[in-house]
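Anchor point for the sequence shown: position 89 equals 89 in the working numbering, and the numbering is continuous, going up by one each time.
Glycine included, every Cβ here is placed at the ideal spot set by N, Cα and C.
Just so it is clear, the structure is predicted and the values come from calculations on it, not from any experiment.
Written out below as structure tokens is the structure these notes cover.
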Amino acid sequence: DIDVHMMKATEYGAIAILSASGYGNSDNANAITTTTGNNTGVMLQTGNWEYVAGGLSGSIFKNVNSRYFDSYGSDKSSVKRGDALGDKDATNPGCEKWHGASTPSWVYASWPYFARGYYGIFSFNRDIGTDCARGVAVCGQGL
């Protein structure tokens, strides 16, 4: 009853949004090292790009069960609630430039994977050659 997988784009988004909320450390969300600002929070990788299991539909994670990654279209209209992606032109504007995040770069065929975090917890970029990723362990009955 344990499921271990690479962190999905929506899981990363949930951590970012919660870290900047009243339940997290909203006063200094761009420079914190954990979501709560203390040792009990989720460690953040701001200052490093971190891959997430999300990217361009049809170009990523071939032969992998789709429950383990988030697929996106070639434009920002495919953003999902809670993934903290998108920009002012998207159907779901997401969290563009929240807490000092950089200008977002969307995925496309030559760069199909998302990386998150380098310029603050809400920044995102297409595949930029980084090799850091995060594992997630989910525990519970019926997984």
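Taking G73 and S57 to be in contact with their CB atoms under 8 Å, please state how far apart those CB atoms are, rounded to whole angstroms.
-> 6 Å
E50 - partner residues in DSSP beta bridges = R116
Host alpha helix (DSSP H) of S19 (start-end) = 9-19
For W111, which of helix, strand or coil comes out of DSSP?
-> strand
Cβ-based neighbour list, Y12, same chain, cut-off 6 Å, excluding 5 preceding and 5 following | V52, R116
What three-state label does DSSP hand Y68 in the structure shown?
-> helix
Quick one: using the 10 Å Cβ neighbour count with 16 as the cut-off for buried, is S21 buried or exposed?
-> exposed
Between the Cα of K80 and those of N125, Y23, T10, spot the shortest distance and give me the residue it belongs to.
-> T10
Nearest neighbour of S59, chosen from Y113, D3, C132 [CA to CA] = Y113
Would you tell me roughly how many angstroms separate the C-alpha atoms of D70 and I128, rounded to the nearest one?
-> 18 Å
Hey, could you find the ends of the beta strand (DSSP E) D124 is sitting in?
-> The amino acid at residue 124 is misidentified as Asp; the sequence shows Phe. Element bounds for F124: 124-126.
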